[in-house]
Each structure stands twice: as C-alpha cells, then as structure tokens.
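Accompanying notes for the structure given below.
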Amino acid sequence: MKRLLIVAHSPSVNTQALCRAVHHGAEHEDIEAVECIVKTPFEAGPADILACDGIVLGTTENLGYMSGALKDFFDRSYYSVLEEKQGLPCALYIRAGHDGTGTQRAVESIITGLRWRWVQDPLIFRGEWQEAFTRQAEELGMTMAAGLDNGLF
Numbered sequence: 409m410k411r412l413l414i415v416a417h418s419p420s421v422n423t424q425a426l427c428r429a430v431h432h433g434a435e436h437e438d439i440e441a442v443e444c445i446v447k448t449p450f451e452a453g454p455a456d457i458l459a460c461d462g463i464v465l466g467t468t469e470n471l472g473y474m475s476g477a478l479k480d481f482f483d484r485s486y487y488s489v490l491e492e493k494q495g496l497p498c499a500l501y502i503r504a505g506h507d508g509t510g511t512q513r514a515v516e517s518i519i520t521g522l523r524w525r526w527v528q529d530p531l532i533f534r535g536e537w538q539e540a541f542t543r544q545a546e547e548l549g550m551t552m553a554a555g556l557d558n559g560l561f
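In short: position in the sequence shown from 1, add 408, done, that's our numbering.
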C-alpha cells in the first residue's frame, strides 16, 4: 500500500473545497493501493513525510509568498527529511488572488533544495473563484494517486 500525503493550508471555504477535491480525486474508485492522508501544515511534520510515497502541497498566496503555515511546515521538516526523501514525487497547487508566481518560485526553491521530483507543473488558481478550480484540483489528486498506484512514480 502506497501513501499519498496532502498538506494543505485551507483557511477559507474555497481553499477547503480545493483540498477536498484533491482528496476526492486521490480516492477515486479505480485507485486500489493508495492510502490518502490529509493534514494541515501545522499538523504535518517530518514523520509524515518519511512515511509517504508522494506529496501534494496546497497553499494560498500571501503577500506574494506561500502561506506562513506551509513555510512553518518546511522549516520544521526540511533537515529531518533532506537525505532520506530525495526523489519524492510532489505536486503543488496555489490559490492566488493575483498571479501566484512569487509563491510558486518560493516553493520551487525549497523543493529544489529537498531534491523532490515534480510530477507536473504547479497549478495556480488565479483571480476570482471559478468552479473549474475544483475539477482541476480533483484531477491533480487523481493523477498523483494513480501514478503511485501504477508505479509510475
């Protein structure tokens, strides 16, 4: 059984909907051998990363940067997982009121340092809320879980 960890900062109704959509996609009925764990950045830590086979990160854009909660998660986890989890398949989604590029760059620099492996380009949900965001988030969760289930990453 593989384990997919979703670490998402979800302070609003819309960001909670995104996290639920990723989780729903990861638990698609055709995915048989993947356990999905959802935690906030404050709940998750190094032990969760060490126990997972893939990770989806979710954050809001805060002042052109990742949420303080996600930064705290990285601060508490970085050195404890640096050597053991190189190559960890990862994905990112950002709920951005503006363009999200500063947030993307900040997370990408940490992921580069950790030597984790992107399975797809980050999803940036920009501007006003759109119902299509939840469909895209669900597809992200399904892609990650299906890839783990089939041994693609």
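Glycine included, each C-beta is placed from N, C-alpha and C at the ideal position.
Smallest Cα separation from residue i: which of the options?
{"i": "residue 443", "options": "461, 449, 477", "result": "461"}
{"i": "residue 531", "options": "498, 560, 559", "result": "498"}
{"i": "residue 512", "options": "475, 421, 414, 556", "result": "475"}
{"i": "residue 537", "options": "422, 477, 495", "result": "422"}
{"i": "residue 430", "options": "547, 463, 560", "result": "547"}
{"i": "residue 445", "options": "411, 519, 527", "result": "411"}
{"i": "residue 454", "options": "489, 519, 416, 506", "result": "489"}
{"i": "residue 534", "options": "500, 524, 514, 508", "result": "508"}
{"i": "residue 469", "options": "458, 515, 523, 440", "result": "515"}
{"i": "residue 447", "options": "414, 424, 528, 473", "result": "414"}
{"i": "residue 510", "options": "450, 471, 466, 425", "result": "471"}
Kindly indicate which three-state DSSP category residue i falls into: helix, strand or coil?
{"i": "residue 560", "result": "coil"}
{"i": "residue 509", "result": "helix"}
{"i": "residue 535", "result": "coil"}
{"i": "residue 448", "result": "coil"}
{"i": "residue 545", "result": "helix"}
{"i": "residue 425", "result": "helix"}
{"i": "residue 416", "result": "strand"}
{"i": "residue 453", "result": "coil"}
If you count every other CB in all the chains shown that lies within 10 Å of the CB of residue i, and 16 or more means buried, which is it?
{"i": "residue 521", "result": "exposed"}
{"i": "residue 540", "result": "exposed"}
{"i": "residue 437", "result": "exposed"}
{"i": "residue 560", "result": "exposed"}
{"i": "residue 503", "result": "buried"}
{"i": "residue 419", "result": "exposed"}
{"i": "residue 505", "result": "exposed"}
{"i": "residue 483", "result": "exposed"}
{"i": "residue 552", "result": "buried"}
{"i": "residue 501", "result": "buried"}
{"i": "residue 485", "result": "buried"}
{"i": "residue 556", "result": "buried"}
{"i": "residue 409", "result": "exposed"}
With which residues is residue i paired in a DSSP beta bridge?
{"i": "residue 525", "result": "497"}
{"i": "residue 411", "result": "443"}
{"i": "residue 503", "result": "468, 533"}
{"i": "residue 463", "result": "413, 498"}
Is residue i near the ligand GTP, in the sense that its beta carbon is under 6 Å from a heavy atom of that ligand?
{"i": "residue 527", "result": "For the structure depicted, the ligand GTP is absent and the ligand set is empty, with no information on it obtainable."}
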